[in-house]
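Engineer: Residue 1 is where the sequence shown starts when you use this note's numbering, and the numbers rise one by one after that.
Handing you this structure, nothing more for now.
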Amino acid sequence: MTELSPHAPPRLISIICPCYNEEGGLGEFVRRIEAVLTPLAQPFEIVFVNDGSTDATLAEMRALALSRAFVTVVNLSRNFGKEIAMTAGLTEASGDAMVVIDADLQDPPEIIRDFIAGYCEGYDVVYGRRVVREGETRMKIATAHAFYRLMKRLGPVRLPEDVGDFRLMSRRAVDALLQMPETHRFMKGLFAWIGFPAKEVPYRRQARFHGTTKWNYPKLIGLSVEGITSFSTFPLRLTSFLGLAIAFFAFVNGIYFFFRALIYGDPVQGFPTLYVTILLLGGAQLMALGVIGEYLGRVFNETKRRPLYFVESVARAPAADPLAVPAAPATALQEIVT
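Set out below in structure tokens:
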């Protein structure tokens, strides 16, 4: 294990919060972040990323930015998805230590104190591991466990089990992460791929403070496929083995039927055998084409080299010193429209 060199306390702590239709919980989220970080007497900022929300999330963000100078609002041009919104927030943030956290308060902000302590010990990545998951169905918990175990077996990168996006990263870890411009961004895999000394902090995940989850089962399945195809070629290898197995099965059966007819004069009934064989081979071929198509689709998207996202505007309260928090609320936002 690499010997750790303690980090100095961060000059600025950045809280990255991607949001999609979270208007009802933002005020409580900011209140709890303030309660956690203000007593530490360390400057901090909250970078909200509005990922194409269709409710009043953006208006609530702007109101919070007016009353609190440490709030920055990054408004994306449309909904790009959480993985891209996290990337946009990390790009905009300027802290020495950056914390990624959701606005639904399932991940308690109070754990950030433990993250900062781990950072000061010398760890570049400090992540939370869910030991209890309140407000989630048994089916969702079971499928999550199955996914993490599957990724552990398939991928060359070990994903910590029961770990989401809630984590603190040092500036050098974030800089390494942002060097990877790939379009299909499975952030949990990218977090693990960059390496650097890491520490886990167990915690109890709470029920949502407001609203309902945006992650239904089709989206979770899509995210799982994204993770597997981004960090493993096992499905391609599996289709190769499947093809060899079917070819071997067909060869053995061909020899069997040949000698059966030659020695015993027992003709093989043609139509049922042919019918089943064609269905078996056709299904296997379509499955193999589907797997190959998933990978080719990702290659196609990567070769286009489109920007990951577009920022419509960035708004924050004007301040002379980016590390200073003015006592009086701002009367107008400083807004950059791109």
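Ideal Cβ placement from N, Cα and C applies to all residues, glycine included.
#1: Using a Cβ-Cβ cut-off of 7 Å (strictly less than) and excluding sequence neighbours within five positions of Tyr309, which residues of its own chain qualify?
#2: Pick out the complete alpha helix (DSSP H) segments inside the segment 24-59, 4 residues or longer, and give them in chain order.
#3: Is Met86 closer than 8 Å to Val73 when the C-beta atoms are compared?
#4: Around the Cβ of Phe248, are there at least 16 other Cβ atoms within 10 angstroms (buried) or fewer (exposed)?
#5: Tell me, please, whether the segment 9-17 touches the segment 32-43 by the rule of three or more beta-carbon pairs shorter than 8 Å.
#6: How should Arg130 be labelled, buried or exposed, when 16 other C-beta atoms within 10 angstroms of its C-beta is the threshold for buried?
#7: Can you tell me the Cα-Cα spacing of Arg11 and Phe300, whole angstroms?
#8: Quick one: give me the first and last residue of the beta strand (DSSP E) that Asn73 is part of.
#9: Using only the alpha-carbon positions, how far apart do Glu3 and Met180 sit?
#10: Taking the C-alpha atoms as reference points, what is the distance between Thr277 and Gly189?
#11: Does the beta-carbon of Asp124 have 16 or more other beta-carbons within 10 angstroms, so that it is buried, or is it exposed?
#12: Going by alpha carbons, who is nearest to Lys82 out of Ser67, Tyr119, Ala63 and Tyr20?
#13: Is Glu45 near Phe29, with beta carbons less than 8 Å apart?
#14: Would you identify the three-state DSSP class for Pro326, choosing helix, strand or coil?
#15: Would you list the one or two residues that DSSP bridges to Lys199?
#16: State the CB to CB distance for the pair Pro160 and Glu121, rounded to an integer number of angstroms; the pair is presumed to be in contact (CB under 8 Å).
#17: Check Ser67 in the structure and name its three-state DSSP category.
#18: Within 10 Å of its beta-carbon, does Ala320 have 16 or more other beta-carbons around it, so buried, or fewer, so exposed?
Structural biologist: By the coordinates alone:
#1: Leu76, Phe80, Ile84 and Ala88.
#2: The qualifying runs are 26-37.
#3: Against a cut-off of 8 Å, the Cβ pair of Met86 and Val73 comes out as no contact.
#4: Burial call: exposed.
#5: These segments touch.
#6: Only buried fits Arg130, as 16 or more other CB atoms lie within 10 angstroms of its CB.
#7: Rounded to the nearest angstrom, the two C-alpha atoms are 42 Å apart.
#8: In the sequence as presented, Asn is not what sits at residue 73; that position holds Val. Val71 to Leu76 is the extent of the beta strand (DSSP E) around Val73.
#9: In a straight line, the C-alpha of Glu3 is about 27 Å away from that of Met180.
#10: Taking the Cα positions, Thr277 is about 40 Å away from Gly189.
#11: By the neighbour-count rule (16 or more Cβ atoms within 10 Å), Asp124 is buried.
#12: Taking only the C-alpha atoms, the option nearest Lys82 is Tyr20.
#13: In this structure, Glu45 keeps its C-beta atom at 8 Å or more from the C-beta atom of Phe29.
#14: Because the pLDDT of Pro326 is 47, which lies under 50, any placement of that residue in the model is unreliable, and the question is left without a value.
#15: Note: Lys199 sits in a beta bridge opposite Val126.
#16: Taking 8 Å as the upper bound for CB-CB distance, Pro160 and Glu121 are not in contact here, some 18 Å apart.
#17: If DSSP states are grouped into helix, strand and coil, Ser67 belongs with the helices.
#18: Confidence at Ala320 is low in this model, with a pLDDT of 41, below 50, so the placement of that residue should be treated as unreliable; the coordinate-derived value is given next. With fewer than 16 other Cβ atoms within 10 Å, it is exposed.
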